[in-house]
Every structure is written in C-alpha cells, then in structure tokens.
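In our numbering, the protein residues as written are 3 to 236. A virtual CB, placed ideally from N, CA and C, is assigned to each residue, including glycine. Written out below as structure tokens is the structure these notes cover.
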C-alpha cells in the first residue's frame, strides 16, 4: 500500500484511490455533496470536479549520475515530505490538504489526487508546488545528505514539472477557466484517460522549459507533436 522508500502510496494504491475519487465526484454531481474544496466557482457552491497532477523531478538522472543513488533516494524522500502530514514539528506545513493523496507512479514520477478541485484551484496548488521545490527542496536535501559522502555541493537547485488534468462529471454543468484562447473543459470518462491527459501536459511542461506546470487543454496534442519532432525532453 505504501512505497518503502518515500512513504507515499504505491502505484496500484494511488490508482485505486483515483478511481474511487472519480466515482465520488460522479455521486456529488448528482447531489451528494462533500465538505472539502479547492477553487469553488462561486461562494456556497461545491464543485464536484477533481484534479490530478503528474509530477516529475527535473533532471533527476543527472542527480543520480553526479552524486549516486543514496543522494537520489534523499531527493525522493524530501520531495514527498513536502506533501505528507506527520507528527514531527515542521516550519513548512504540507502543500496539500490532509484529505488529498499522493503516490509514487514510478521512479521520480508521482501522482497527486485533489478532490473537489477545479482548474482554478489546481493552478494555485501547482504554483505552490513548483515554488516549494525550486526554493526549498535543494536545501532540504543538503540538510539530510548521506553521512560521510564527500560529494556534497555547497548548493543544490532542483525543479519539478507538473501536468494537470481535471475530471468533470458528465452530469455537472462545467465552468471551464480560460487559458488565453484555450478552454480546459474536457470529457474524460476513465482513470486511464485522465492520466493520459495529465501525462501529455507533463511532457509539454518539460518541453516548455521544465520547473513549471501545464494544464491539459483541447488541442494540446498539436503542441505535443511539435515537441516530439524536436529532441525529447528528459
């Protein structure tokens, strides 16, 4: 159920919880309203939307190659610590609500499940995550550097790229936000489709320069094909 290295949910566990979250969103769209919300379209109105993040640590392979896998393990653990609720005192509160869920999808890639979260709410959270990784993760890793490892640098800058996709239950009238001329409205109907959309957005985020987030939008595949025609981002 939980990844032994990071303490986050395993791939199978987070996918099962994502499936459950989508079903809850469907029920809420039919009137079974919950109590947690990010980015409500109007005061007093609960959005049944839910959003997932596909998050990938930028240039993680370079960290492993330069400093070794023990340091890479510290990076993964400290990254997840940005999201986990623990009893240990901390000056930096978790970036998400306690009801939200994070899991390791594989390697340095993680999934975040945010229930009751529209595109507007996802943008707020994504900006916080990108800033926290850029500003704080490097110092957190240096503070927990493997004892006796003489490769420790004076400074370590890390980044994360994020692709987001929001699920709109079909029975709910959608309130898409505008990204220039692009609407983020979508008609996803399965876990696989939602992950596919978030994964495309992640690829585009890396192609645009990394250390940023991109929300899925109709027509994003055109930009994806343009990026694939160039050297794939790593």
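Secondary structure at residue 88: coil, using DSSP grouped into helix, strand and coil. With distances taken between CA atoms, residue 216 lies nearest to 166 out of 166, 192, 209, 172.
Inter-residue distance for residue 58 and residue 155 is about 23 Å (C-alpha atoms, whole angstroms). Per DSSP, residue 198 lies in no beta strand (DSSP E); the unbroken alpha helix (DSSP H) holding it starts and ends at 193-209. If you check the CB distance, residue 127 and residue 82 do not come in under 8 Å. Taking the Cα positions, residue 226 is about 25 Å away from residue 51. Apart from sequence neighbours up to five positions away, the residues of its chain that approach residue 140 with a beta-carbon distance below 8 Å are 157, 158, 159, 160, ordered along the chain. Secondary structure note for residue 62: it is in no beta strand (DSSP E), and the uninterrupted alpha helix (DSSP H) holding it is 62-69. For residue 230, DSSP assigns no beta-bridge partner whatsoever.
Here residue 152 carries a coil assignment [DSSP, helix/strand/coil]. Linking residue 76 to residue 32 through their CA atoms gives a straight-line distance of about 44 Å.
Going by C-alpha positions, residue 163 is about 17 Å away from residue 79. 19 is the residue among 19, 133, 194, 111 whose C-alpha sits nearest the C-alpha of residue 117. Here the stretch 140-150 lies against the stretch 61-75, with 3 or more beta-carbon pairs under 8 Å apart. In this model, residue 222 and residue 61 are separated by some 23 Å (Cα to Cα). The secondary-structure analysis by DSSP pairs residue 103 across a beta bridge with 115. Going by C-alpha positions, residue 219 is about 45 Å away from residue 151.
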